[in-house]
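Visitor: Once you've had a glance at the structure underneath, I'll fire off some questions.
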Amino acid sequence: MLAGAYGHGRSHLDNLRRLTARGLVELAGICDVRPVEAAALHGLGAPEQAGPGNLAALVKGTGAEITILCTPINTHADLAVTALRAGSHVLLEKPPAASLADFERIVSAQRESGLGCQVGFQSLGSSAVPALRELIASGELGDIHGIGVAGAWERPSDYFTRSPWSGRRRLNGQDVVDGALTNPFAHATATALAVAGAEELGSVASVELELFHANPIEADDTSAARIRLADGRVITVAVTLCATGRTEPYLVVHGTGGTARLVYTTDELDGAVHPRADLLENLVEHVTTGAELLAPLARTGAFMEFLEAVRLAPDPLPIAEEHQRIHPGRREVEGVRELTDLSAERLALFSELGAPWAGRRELLAGTTPVASYVWRPALPVTDSPRPYLHPVRTLGGVEVSEFRPADHVHHLGVSLAVADVGGVNFWGGRTFVEGSGPTWLDDHGHQRHDVFEELEQGFREALTWLGPDGAAVAREQRTVLARPHGQAWALDFSFTLTVAEPLEIRSSACKGRPGAGYGGFFWRAPAASTRLEVFTAEAEGESDVHGSVTRWLAMASDAWSLVFVQCGPPDPWFVRVSEYPGVGPALAWERPLEVAHTLSRRVVTVVADGRLDRAAAAELAGGVA
Numbered sequence: 001m002l003a004g005a006y007g008h009g010r011s012h013l014d015n016l017r018r019l020t021a022r023g024l025v026e027l028a029g030i031c032d033v034r035p036v037e038a039a040a041l042h043g044l045g046a047p048e049q050a051g052p053g054n055l056a057a058l059v060k061g062t063g064a065e066i067t068i069l070c071t072p073i074n075t076h077a078d079l080a081v082t083a084l085r086a087g088s089h090v091l092l093e094k095p096p097a098a099s100l101a102d103f104e105r106i107v108s109a110q111r112e113s114g115l116g117c118q119v120g121f122q123s124l125g126s127s128a129v130p131a132l133r134e135l136i137a138s139g140e141l142g143d144i145h146g147i148g149v150a151g152a153w154e155r156p157s158d159y160f161t162r163s164p165w166s167g168r169r170r171l172n173g174q175d176v177v178d179g180a181l182t183n184p185f186a187h188a189t190a191t192a193l194a195v196a197g198a199e200e201l202g203s204v205a206s207v208e209l210e211l212f213h214a215n216p217i218e219a220d221d222t223s224a225a226r227i228r229l230a231d232g233r234v235i236t237v238a239v240t241l242c243a244t245g246r247t248e249p250y251l252v253v254h255g256t257g258g259t260a261r262l263v264y265t266t267d268e269l270d271g272a273v274h275p276r277a278d279l280l281e282n283l284v285e286h287v288t289t290g291a292e293l294l295a296p297l298a299r300t301g302a303f304m305e306f307l308e309a310v311r312l313a314p315d316p317l318p319i320a321e322e323h324q325r326i327h328p329g330r331r332e333v334e335g336v337r338e339l340t341d342l343s344a345e346r347l348a349l350f351s352e353l354g355a356p357w358a359g360r361r362e363l364l365a366g367t368t369p370v371a372s373y374v375w376r377p378a379l380p381v382t383d384s385p386r387p388y389l390h391p392v393r394t395l396g397g398v399e400v401s402e403f404r405p406a407d408h409v410h411h412l413g414v415s416l417a418v419a420d421v422g423g424v425n426f427w428g429g430r431t432f433v434e435g436s437g438p439t440w441l442d443d444h445g446h447q448r449h450d451v452f453e454e455l456e457q458g459f460r461e462a463l464t465w466l467g468p469d470g471a472a473v474a475r476e477q478r479t480v481l482a483r484p485h486g487q488a489w490a491l492d493f494s495f496t497l498t499v500a501e502p503l504e505i506r507s508s509a510c511k512g513r514p515g516a517g518y519g520g521f522f523w524r525a526p527a528a529s530t531r532l533e534v535f536t537a538e539a540e541g542e543s544d545v546h547g548s549v550t551r552w553l554a555m556a557s558d559a560w561s562l563v564f565v566q567c568g569p570p571d572p573w574f575v576r577v578s579e580y581p582g583v584g585p586a587l588a589w590e591r592p593l594e595v596a597h598t599l600s601r602r603v604v605t606v607v608a609d610g611r612l613d614r615a616a617a618a619e620l621a622g623g624v625a
């Protein structure tokens with residue numbers, strides 16, 4: 001029985017024709033939404049045909065012992081369960097299901113029926129996989145610390161529109177999860193898990209994902225993943241459908257004693273080609289003689305844990321067209337093939353390799369790009385690496401942020417930076433030590449991006465604040481929004497820090513440095529700004545507004561103005577103008593701030609072209625809810 005005779009189903013018809021000629025099988029029936037023409041069935045007799053809703057009756061009526069399911073991903077679970085309960089063994093195309101819950105439904109039906117279910121990961125039929133496992137077990141490669149996978153293919157734009165579910169994460173309320181990682185390159189991850197001997201449920205400890213798309217689709221077409229196995233080993237997968245031409249995907253096993261390379265599409269292990277068994281033939285042998293299945297359902301449990309992580313991940317981020325070459329009928333991401341190779345070599349994600357589109361995303365105020373948010377920065381540890389906004393621009397395109405200026409290289413545009421959180425420097429640079437002054441210490445922490453949640457005007461982000469020893473100091477939920485605000489736009493930045501144990505936040509002022517109360521949301525403005533002034537509703541000039549406690553404060557130049565608004569009980573303002581232009585509410589002005597469990601703040605900054613006076617600034621501040 002064949003369910004799904006079009007598209008990839010044609011290859012199954014060809015294989016059935018080959019096996020029929022050998023007398024191994026007979027096609028009893030075809031189940032599809034439309035009839036299959038006689039010409040396509042040459043050499044296969046006249047199988048009975050019916051629609052998908054009649055699969056159970058067709059299986060029972062024809063007595064089909066095996067059902068091949070080659071249908072849309074979101075239909076796999078229902079049809080597999082139906083076929084198994086109707087008394088048929090199943091050859092199920094990959095991925096087995098669109099969710100872990102659906103996979104477990106198939107597992108239950110298979111156990112209840114006692115029938116076989118083979119999953120169409122063709123590479124698992126290759127003898128190169130057990131050969132590589134034997135090589136690893138022999139110790140010849142030394143201790144294995146990771147497996148890197150790379151795949152770079154070219155796919156035309158119409159590949160993503162070939163069917164209603166193509167390039168979709170969801171369709172009509174159902175999960176589809178049709179992306180590069182989970183469909184065309186699903187074999188890559190499944191093969192790596194098989195080589196690692198980590199195939200069943202419970203083998204995957206965690207999955208870190210970087211999902212992107214260059215094409216205008218829901219799903220990913222260019223992505224990287226890091227899978228941490230329960231035994232501590234690591235698998236990285238870097239794939240794209242936006243390369244030029246096709247190279248065969250491969251995996252590299254990295255050991256202390258050497259490496260081994262498997263090209264899983266051609267069964268080449270370090271240049272030697274190994275034979276591959278056909279999965280349908282193997283299933284026929286299983287039915288007739290009890291032979292062991294090569295790709296049984298149970299051996300795809302770890303892959304389904306990986307797919308579930310992809311399913312639950314935030315939607316893929318778009319790759320800006322400035323990083324693409326748009327050819328007639330297809331898109332190419334510049335340098336992506338080299339990045340996939342480098343990922344497999346270094347066991348690194350795209351963002352860790354410095355891909356300009358991987359650790360950065362654009363904020364739009366309406367339809368105007370106004371800021372870049374760098375969420376995985378490549379910075380020295382002495383900068384206390386953290387996500388930041390730079391460049392930030394007015395609607396007219398004037399830059400209003402500065403990044404790593406010579407006077408303070410740890411000033412990173414717009415960021416959340418604190419001098420001392422429980423003894424850890426999350427500000428960067430030297431640490432003020434009472435009695436000694438600014439001193440270089442090995443106390444720098446970093447803010448690690450964990451996950452994005454997409455919002456209508458921006459995003460919500462989960463982060464972990466890590467100390468120099470890698471231990472978690474705090475967890476953060478951050479929300480960053482950009483929205484039009486009259487003739488300007490507003491950056492809405494809020495955060496909640498959560499600590500496991502009570503701790504103190506301190507500024508340098510708390511340790512004896514007068515006026516150095518910096519720490520919290522901080523905006524470093526361009527130093528070259530002309531005729532810079534700063535004012536509040538009550539005062540003006542650096543000396544008068546520094547340390548003042550007011551709802552709003554404005555910094556203005558001839559080219560741009562910034563109006564900072566604290567939404568909630570205000571903290572004192574930390575302000576610099578003469579030394580360098582910078583503004584931020586100070587969490588710990590003169591005395592330590594004790595945090596027992598959570599700390600929340602929200603600052604909205606109105607970004608305007610040209611110079612604003614006090615009345616105009618007050619009006620914009622008054623419009624902030």
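If you're matching positions, the sequence shown starts at 1 in the UniProt record's numbering and goes up one per residue.
Note that the Cβ used here is the ideal one computed from N, Cα and C, for glycine as well.
Computed from a predicted model, the values in this text were never measured in an experiment.
1) Closest by CA to A5, which one among L55, A64, L69?
2) Is there contact here, the region 496-504 with the region 587-606, by at least three beta-carbon pairs under 8 Å?
3) Would S223 and L181 be called neighbours here (beta carbons separated by less than 8 Å)?
4) Could you give the first and the last residue of the continuous alpha helix (DSSP H) run that contains S157?
5) Let me know the secondary structure DSSP gives P72 once reduced to three states.
6) Is R18 helix, strand or coil when you go by DSSP?
7) What did DSSP end up calling L41 once you bin it into helix, strand or coil?
8) On the three-state DSSP scale, how would you describe R361?
9) On the DSSP bridge list, what partners appear for M555?
10) So, A617 versus V563, is the Cβ gap smaller than 8 Å?
11) Just to confirm my understanding: we take L201, look at its own chain, exclude 5 residues before and 5 after, and list those with CB closer than 6 Å. What are they?
12) Tell me the DSSP secondary structure of T479 in three-state form.
13) Could you tell me if T161 is buried or exposed, where buried requires 16 or more neighbouring beta carbons within 10 angstroms of its beta carbon?
14) Report yes or no: do the region 185-202 and the region 78-85 share at least 3 C-beta pairs separated by less than 8 Å?
15) By DSSP, does C510 sit in helix, in strand, or in coil?
16) So N453 is in the beta strand (DSSP E); what residue range does that whole segment cover?
17) Since P484 sits in a beta bridge, which residues does DSSP pair it with?
18) I144 and G258 look like a contact to me (Cβ under 8 Å); what is the Cβ gap, rounded to whole Å?
19) In whole angstroms, what separates the C-alpha of P275 from that of P96?
20) Counting pairs of Cβ atoms below 8 Å between the region 423-440 and the region 339-347, do you hit three or more?
21) Give a yes or no on contact between the region 166-181 and the region 342-352, applying the rule of three or more CB pairs nearer than 8 Å.
22) I'd like the ranges of any beta strand (DSSP E) spanning at least 3 consecutive residues and lying wholly in the UniProt domain "GFO/IDH/MocA-like oxidoreductase" (131-260).
23) For E268 and G397, what's the separation of their Cα atoms in angstroms?
24) Measuring straight from C-alpha to C-alpha, what distance separates E26 and A344?
25) Helix, strand or coil: how does DSSP classify I326 here?
26) Straight-line CA distance for V333 to L211?
27) Taking the alpha carbon of K94 as the reference point, which residue from G114, S123, L13 has its own alpha carbon closest?
28) Where A291 and R228 are concerned, what is the direct C-alpha to C-alpha distance, given to the nearest angstrom?
29) If contacts are defined as beta-carbon pairs under 8 Å, then S508 and A586 qualify, I think. What distance do you get, rounded to the angstrom?
30) Going by DSSP, what residue range makes up the beta strand (DSSP E) through V59?
31) Quick one: which unbroken beta strand (DSSP E) runs of 3-plus residues sit fully inside the region 376-439? Chain order, please.
32) Within its chain, find whatever has a CB closer than 8 Å to the CB of V565; leave out the 5 residues flanking it on each side and keep chain order.
33) By Cβ distance below 6 Å, which residues in the same chain neighbour F452 in space, the five residues on each side in sequence not counted?
34) Of all the options P385, G232, K511, P581, which has the alpha carbon lying nearest to the alpha carbon of R524?
35) Taking all protein chains shown into account, do 16 or more other C-beta atoms lie within 10 angstroms of the C-beta of Q487, making it buried, or fewer, making it exposed?
Guide: Taking the geometry as given:
1) As a working note, residue 5 is residue 5 in the sequence shown. The shortest Cα separation from A5 among L55, A64, L69 belongs to L69.
2) yes
3) Within the sequence shown, residue 223 is the residue found at index 223, counting from 1. Within the sequence shown, residue 181 is the residue found at index 181, counting from 1. It is a contact, given that the beta carbons lie within the stated cut-off.
4) Taking the first residue of the sequence shown as 1, we reach residue 157 at position 157. Where S157 is concerned, there is no enclosing alpha helix (DSSP H), given that its DSSP letter is neither H nor E.
5) Translated into positions along the sequence shown, residue 72 becomes position 72. It is coil, neither helix nor strand.
6) In the sequence shown, the residue the question calls residue 18 occupies position 18. Residue state, collapsed to three classes: helix.
7) The residue given as residue 41 occupies position 41 in the sequence shown. Three-state DSSP puts L41 in a helix.
8) What you label residue 361 is simply residue 361 of the sequence shown in a count that begins at 1. Three-state result, R361: strand.
9) Start at 1 with the first residue of the sequence shown, and residue 555 comes out as number 555. V534, L562.
10) Numbered from 1 along the sequence shown, position 617 holds the residue referred to as residue 617. Numbered from 1 along the sequence shown, position 563 holds the residue referred to as residue 563. Yes; because the gap between Cβ atoms is below 8 Å, this pair is in contact.
11) If you number the sequence shown from 1, residue 201 lands on position 201. Closer than 6 Å at the Cβ level, and outside the excluded window around L201, lie G301.
12) Numbered from its first residue, the sequence shown carries residue 479 at position 479. Three-state result, T479: strand.
13) As a working mapping, residue 161 is identified with position 161 in the sequence shown. When all chains shown are included, T161 counts as exposed.
14) no
15) On the sequence shown, position 510 is the one that residue 510 refers to. Looking at C510 - three-state DSSP - the assignment turns out to be helix.
16) The residue given as residue 453 occupies position 453 in the sequence shown. According to the sequence shown, residue 453 is Glu rather than Asn. Per DSSP, E453 belongs to the beta strand (DSSP E) from 446-455.
17) Sequence index remark: in the sequence shown, residue 484 carries index 484 (1-based). Answer is W489.
18) As a first step, residue 144 is located in the sequence shown; it is residue number 144 there, counting from the start. As a first step, residue 258 is located in the sequence shown; it is residue number 258 there, counting from the start. Wrong, their Cβ atoms sit about 11 Å apart, outside the cutoff.
19) Sequence index remark: in the sequence shown, residue 275 carries index 275 (1-based). Sequence index remark: in the sequence shown, residue 96 carries index 96 (1-based). Answer to the nearest angstrom: the Cα atoms are 25 Å apart.
20) no
21) no
22) 144-152, 204-213, 222-229, 234-240, 250-255
23) Sequence index remark: in the sequence shown, residue 268 carries index 268 (1-based). Sequence index remark: in the sequence shown, residue 397 carries index 397 (1-based). Cα to Cα, E268 sits roughly 53 Å from G397.
24) As a position in the sequence shown, residue 26 is number 26, starting the count at 1. As a position in the sequence shown, residue 344 is number 344, starting the count at 1. Each residue's alpha carbon lies about 43 Å from the other.
25) As a first step, residue 326 must be located in the sequence shown, where it is residue number 326. Three-state DSSP puts I326 in a strand.
26) The sequence position of residue 333 within the sequence shown is 333, counting from 1. The sequence position of residue 211 within the sequence shown is 211, counting from 1. Straight-line Cα distance between these residues: approximately 14 Å.
27) As a position in the sequence shown, residue 94 is number 94, starting the count at 1. Of G114, S123, L13, the residue nearest in Cα terms is S123.
28) Position 291 of the sequence shown, counted from the first residue, corresponds to residue 291. Position 228 of the sequence shown, counted from the first residue, corresponds to residue 228. Rounded to the nearest angstrom, the two C-alpha atoms are 32 Å apart.
29) As a working note, residue 508 is residue 508 in the sequence shown. As a working note, residue 586 is residue 586 in the sequence shown. With a Cβ gap of about 11 Å, S508 and A586 do not count as contacting.
30) On the sequence shown, residue 59 is found 59 positions in, with the first residue counted as 1. Looking at the DSSP string, V59 is not in any beta strand (DSSP E); the run it does join, the alpha helix (DSSP H), is 55-62.
31) 388-392, 414-421, 424-426, 431-433, 437-439
32) Along the sequence shown, read from residue 1 onward, the residue named residue 565 stands at position 565. Cβ within range, chain order: R551, W552, V603, V604, T605, V606, A621, V624.
33) Residue 452 sits at position 452 when you count from the first residue of the sequence shown. Closer than 6 Å at the Cβ level, and outside the excluded window around F452, lie P314, F459, E461.
34) Translated into positions along the sequence shown, residue 524 becomes position 524. Selected option, being the one with the closest Cα: P581.
35) Here the question's residue 487 lines up with position 487 in the sequence shown. Exposed.
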